[in-house]
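Residue numbers (our numbering): -14 to 289.
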């Protein structure tokens, strides 16, 4: 995936630190419960099982300092499309804008519903959110109480690639961000709460919510190279290759419940799944990518 080297980049959708504050503890009906004692709302990883040093991610420490938030913000403010091709923080910024562009166009066209923007927060350590205290060791997560996506950029290298064997390639990083925004689309459409109606098991509501977010990430990939940025005629992304899709699929498989369980206890237990198997996650991302249709992502009525 390559961003155009020229053109304007809107950085207003991403900030360093901050987020929803003073809105209570973790909300029921969030993604996978959004329980802060879990390492990953999205990925369902247990740090002790994988031997993850959460200190390496800044987890378990104090709230993200003003200095770290300022450092992130200064980097965000200096981002350009050209730099987004080589720098993780700027890639997250550009990906956020690309995702918002796609859903601003596609959600009303396909569902008749106006897309309301979310916000991305980059942090290290801990952060106060509308769903309680977030920690870097949780991995990327979305909070429906404040419509914010939270990310520690170190996650991609430290956990996704380093611990789980996924890809740290640009396309893989972008897929993770697109998955979290998929949860935002679910919130807008009123489907996010289904994860708590049936929170565990191979065919549970929780698994179906996660697979749909993978499918929505695929929809973004389907339209990313053809959706023009606001005020322009060209999309932010120039290319999406089969190699890019391979990297995304590699990471989708790496975060399957069966793969994670095999790395931990070595015992695969479908009755405890909350996010779906490697095969499920690959299948539903590819479904969204090939079809580009919200209707094709109806995991709740599908045989998964």
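Think of the CB as a built atom: it goes at the ideal place given N, C-alpha and C, for glycine as much as any other residue. Since the structure is predicted, the reported quantities are computational estimates derived from the model, not experimental observations.
Distance CB(residue i)-CB(residue j) smaller than 7 Å
| i | j | result |
| --- | --- | --- |
| residue 211 | residue 225 | no |
| residue 165 | residue 127 | yes |
| residue 199 | residue 269 | yes |
| residue 185 | residue 177 | no |
| residue 197 | residue 116 | no |
| residue 263 | residue 241 | yes |
Terminal residues of the alpha helix (DSSP H) in which residue i lies
| i | result |
| --- | --- |
| residue 182 | 179 to 182 |
| residue 242 | 242 to 248 |
| residue 236 | 227 to 239 |
| residue 174 | 155 to 174 |
| residue 253 | Looking at the DSSP string, residue 253 is not in any alpha helix (DSSP H), and its letter there is neither H nor E. |
| residue 95 | 73 to 96 |
| residue 274 | 263 to 276 |
| residue 199 | 190 to 208 |
| residue 290 | Examination of residue 290 is not possible in this model, given that the chain is present from -14 through 289 alone. |
Beta-carbon proximity list for residue i, same chain, < 8 Å, skipping 5 on both sides
| i | result |
| --- | --- |
| residue -13 | 70, 222, 223, 224 |
| residue 58 | 0, 1, 2 |
| residue 87 | 204, 205, 208, 209, 212 |
Cβ neighbours of residue i in the same chain (closer than 6 Å, five flanking residues each side left out)
| i | result |
| --- | --- |
| residue 274 | 203, 206, 207 |
| residue 183 | 189, 190 |
| residue 267 | 234, 237, 238 |
| residue 163 | 84, 202, 205 |
| residue 156 | -14, 229, 232, 233 |
| residue 194 | 179, 180 |
| residue 75 | 64, 68, 69 |
| residue 287 | none |
| residue 53 | 109 |
| residue 152 | 232, 235, 236 |
| residue 192 | 258, 261 |
| residue 89 | 100 |
| residue 146 | 153 |
| residue 284 | 193, 196, 197 |
Span of the beta strand (DSSP E) around residue i
| i | result |
| --- | --- |
| residue 104 | 104 to 107 |
| residue 223 | 222 to 224 |
| residue -1 | -1 to 1 |
| residue 134 | 133 to 136 |
| residue 120 | 117 to 120 |
| residue 128 | 126 to 128 |
| residue 281 | It is not in any beta strand (DSSP E) - residue 281 carries neither H nor E in the DSSP assignment. |
| residue 112 | 111 to 114 |
Nonlocal neighbours in the same chain, by C-beta distance under 7 Å from residue i, ignoring five residues either side
| i | result |
| --- | --- |
| residue 220 | 209, 210, 211, 212, 213, 214 |
| residue 78 | -6, -4, -1, 61, 64, 69 |
| residue 243 | 253, 262, 263 |
| residue 277 | 204, 207, 208 |
| residue 119 | 21, 111, 112, 126, 135 |
| residue 81 | -2, -1, 105, 162 |
| residue 35 | Its pLDDT being 33, under 50, residue 35 is placed unreliably in this model, and the value from its coordinates should be taken loosely. Excluding positions up to five away in sequence, the list reads 148, 248, 249. |
| residue 6 | With a pLDDT of 39 at residue 6, under the threshold of 50, the predicted position of this residue should be treated as unreliable, though the coordinate-derived value follows. For residue 6, where only same-chain residues beyond five positions count, the Cβ hits under 7 Å are 113. |
| residue 46 | Because the pLDDT at residue 46 is just 45, under 50, the model does not fix this residue reliably, and the point stays unresolved. |
| residue 217 | -8 |
Whole-Å CB distance - residue i paired with residue j, under 8 Å assumed
| i | j | result |
| --- | --- | --- |
| residue 233 | residue 160 | 4 Å |
| residue 98 | residue 149 | Not a contact, Cβ separation roughly 34 Å. |
| residue 158 | residue 73 | 7 Å |
| residue 124 | residue 144 | 6 Å |
| residue 279 | residue 96 | 6 Å |
| residue 187 | residue 255 | 4 Å |
| residue 114 | residue 133 | 7 Å |
Residue i CB to nearest heavy atom of the ligand HEM below 6 Å
| i | result |
| --- | --- |
| residue 151 | Only the bare structure without any ligand can be found here, which leaves the ligand HEM out of the picture. |
Any C-beta of chain B under 7 Å from that of residue i
| i | result |
| --- | --- |
| residue 249 | Of the chains in the structure shown, none is chain B; there is only one protein chain. |
Below 8 Å, can you find three or more Cβ-Cβ pairs linking the segment 52 to 64 to the segment -10 to 1? These segments touch.
Tell me whether the segment 102 to 109 and the segment 121 to 138 touch, counting them as touching only if at least three CB pairs, one residue from each stretch, are closer than 8 Å. Short answer: they touch.
Measuring CB atoms only, is the segment 139 to 156 touching the segment 96 to 106, in the sense that at least three cross pairs come out at less than 8 Å? Too few Cβ pairs lie closer than 8 Å, so no.
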